[in-house]
Each structure stands twice: as C-alpha cells, then as structure tokens.
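**Student:** Mind looking over this structure? Questions follow.
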Amino acid sequence: MEYTLNCNGKLITLSSPQVMGILNVTPDSFYSGSRKQTEREIAERTQQILAEGGAMIDVGGCSTRPGSAPVDEEEESRRLRFALEIVRREAPDTIVSIDTFRPDVARMTVEEFGADIINDVSEGADPEMFRMVARLKVPYILMSIAPTIRDMMLRFAREIQQLRDCGQKDIILDPGFGFGKDLQQNYDVMHQLDQLDALSLPVLVGISRKRMVWQLLESDPLQALNGTTVLNTISLMKGASILRVHDVKEAVECVRIVGQMNPKQ
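Residue numbers for the sequence shown follow the numbering used here, beginning at 140 and rising by one.
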C-alpha cells in the first residue's frame, strides 16, 4: 500500500521507503556516536544525514535509553531550541521529526520551529498527547511498548480509534523494538512484523544499533552496524515504510537494493 503524509502542507509520499537520520542533542544516548551537542556537531550531523540520502531528521533532547533518568521539560526544551535553530538553518526544507513524549514540548517545536512530525516513544502515556498532536495537525508516530504482536495490534487498534476521535489525520506505527520486550520478544515481533499491514498505516522501524542486535551477537553498540543492516533489510521486506537509523548511508543502500528486487510494474 502506498502512503502519504501531510507535513505542514508538504505532501510526502512513502511509495518508496524513506530513511530518517537520528540527531540526539543529549550527553547520554545509548550510542555514543549519535550524541551531538555543540553548534558545529549539530550542523555537521545535519549535513551528513542529507548528504547520505536521509529524507527526514529525528531530533531528540531527552534520552530514553534503558536505565536513564529523563531530564526535566525545561532542559529538554532548551536543548531542542538550541538544536532546531541550527537544523532549520542548515536544512530549511527537510522534514524534521521531534522525539518527545511531552505534549508541551511537542507544541513548542511545532509552533516555534515548524517541526513536521512528533515521535512519541511512550505510546501516548500522557493523555494530553493525542489531543495535542491532533490540534497541531502534524503526523504522529505511535510507538508500542507491548511485548507481543497480538497485544500490540489490540492496543494499536484502540489507540488509533482514540486518535481518530481527536481528529488526528496522519498516524505512523512503530512496533517499539527495545521497549517493553525481552530479546526473544523483539525477534518474535520482527518475524511477525508484516501482520501490522492489517492496520493499513505506514510502519516505522527503529532497531539501529539496539541491544537486540549486539546482545545476540555478543558485541556492543559500536560493533552493531552489520546486524542493524540485516534487520533493516528484513524490515523493508516485511513492509516498513520508514527506517530510523544512525547510519544513513547504509540504510539508504538497503532501500535501493530491496527496491531493485521489487521494481514497480
């Protein structure tokens, strides 16, 4: 199925899968290579994502790695304001996603910087978030913390209806690899990923250098690129529309190769 997203009046087609590059403006994200805090680092990372073929940039100001203590809303907003000034200067026309679980942070980034997508890793834990994104009229990434595909689909069905009742138009589903799942459950969800097609919404997969890769391979995040590439390829073959990654060039190559195997008639 071919999907489109209305991002602040820009119609984005997902007929070919898109790559979203990660830009973390935090000192404590799980993958040290993703941490960018100075003006120069943020500008260079923005330029790198675009040069390597990324179509979207996901900016996060509050780490959600396992065991981390989230910074308060004021500090998250400060980090995002600093970063978005630079990102918008370097890439004024690029689709910018904001990784936040706080409704007021989402509002600030859309109203002050024209953020295009809100990426919520909490599965709408704050009951105000669904109403907020509907009011802001931006696409919303709904990430699941459910441990199994069955539980995930039941919860997604209920949450999608809640979002529709609020007036939300564009919804992207994220199965939430690494959130609320043990190692085997992560791979079980990957195996059954194509079942999410039944919900008729685009799917985002974010498995880049996560524990499910390096724990299985007995390595660490720094050595997890090859395993990430394998899982990104499987995700595409099971219908993923967006890959959220640290390594943009390699993900773009995955999209090209899988696309060549399935050329449009």
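Don't be surprised by glycine CBs; every beta carbon is placed ideally from N, CA and C.
Between which residues of its own chain and residue 180 is the CB-CB distance below 7 Å, once the five residues before and five after are set aside?
**Tutor:** Taken in chain order, the list of residues that qualify is empty.
**Student:** From 316, 242 and 282, pick the residue whose C-alpha is nearest to that of residue 340; which is it?
**Tutor:** 282
**Student:** Which runs of the beta strand (DSSP E) fall wholly inside the region 176–219 and span at least 3 residues, in chain order?
**Tutor:** 195–199
**Student:** Whole angstroms are fine: how far does the CA of residue 386 sit from the CA of residue 302?
**Tutor:** 32 Å
**Student:** With a threshold of 16 other CB atoms inside 10 Å of the CB of residue 150, please say whether the residue is buried or exposed.
**Tutor:** exposed
**Student:** Would you mind reading off the limits of the alpha helix (DSSP H) that contains residue 299?
**Tutor:** 288–305
**Student:** According to the Cβ coordinates, are residue 384 and residue 158 closer than 8 Å?
**Tutor:** yes
**Student:** If we call anything under 8 Å between Cβ atoms a contact, is residue 332 one with residue 374?
**Tutor:** yes
**Student:** Taking 8 Å as the limit between beta carbons, can you name the residues of its chain near residue 247, skipping five residues before and five after?
**Tutor:** 216, 219 and 220
**Student:** Any idea what DSSP makes of residue 245, helix, strand or coil?
**Tutor:** helix
**Student:** Taking residue 348 as part of the alpha helix (DSSP H), name the residues at either end of that continuous run.
**Tutor:** No alpha helix (DSSP H) holds residue 348; DSSP gives it neither H nor E.
**Student:** Anyone know if the C-beta pair for residue 237 and residue 258 falls short of 8 Å?
**Tutor:** Yes, they are a contact pair.
**Student:** Taking all protein chains shown into account, decide if residue 309 is buried (16 or more other Cβ within 10 angstroms of its Cβ) or exposed.
**Tutor:** buried
**Student:** Contact check, residue 319 vs residue 360 under 8 Å by CB: the rounded distance?
**Tutor:** Residue 319 to residue 360, Cβ: 20 Å. No contact.
**Student:** How big is the Cα-Cα spacing for residue 369 and residue 188?
**Tutor:** 20 Å
**Student:** Using a Cβ-Cβ cutoff of less than 6 Å, which residues in the same chain neighbour residue 366 once the five nearest sequence positions on both sides are dropped?
**Tutor:** 352 and 356
**Student:** Which residue or residues does DSSP assign as beta-bridge partners of residue 144?
**Tutor:** 151
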